[in-house]
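Report on the following structure.
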């Protein structure tokens, strides 16, 4: 008898992460799609470089995401250390996007994956941190 988990069908999902002006995050990062109402939580993740382009993976590389509504967070890649950066440059590099995008519940980013409209191309638009 097998104890392996069965996988639900997935659909290809690609996209990009950009600011309103079309520019991208200099250091890239990852997106995490959390399926609303799933228990246990089903997530699909995608990594992106400075070009902003990602492809989602749920079970195996590039397989996409199961059908459903998703709340999405964006986690930017930050520098390992300050290096030659000024304090101001370092703080900017540590927080390249508004903090609300780092949590799927507060990001306001919602996307729907459905078999009927596959493959999916999503543009995720983020904003820079608010000035204090």
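In the working numbering, the protein residues as written are 24 to 155.
Built from N, CA and C at the ideal position, the CB exists for glycine as well.
Item	Value
Under the three-state DSSP convention, the category residue 96 falls into	strand
Opening and closing residue of the alpha helix (DSSP H) in which residue 53 lies	From DSSP, residue 53 is part of no alpha helix (DSSP H) but of the beta strand (DSSP E) over 52–58.
Closest residue to residue 71 among 54, 146, 35, 91 (Cα-Cα distance)	54
CA nearest to the CA of residue 90, picked from 153, 31, 78, 126	31
Residues bridged to residue 39 (per DSSP)	76, 146
Alpha-carbon spacing of residue 121 relative to residue 42, whole angstroms	11 Å
Whole-angstrom distance between residue 110 and residue 146, CA atom to CA atom	32 Å
Other residues of its chain near residue 142: CB distance less than 8 Å, five sequence neighbours each side excluded	34, 35, 36, 37, 87
Where residue 88 falls: helix, strand or coil (DSSP)	strand
Contact with chain B by residue 137, beta-carbon distance below 8 Å	Within the model displayed, chain B is absent; a lone protein chain is all it includes.
Within 8 Å, strictly: CB atoms of residue 118 and residue 63	no
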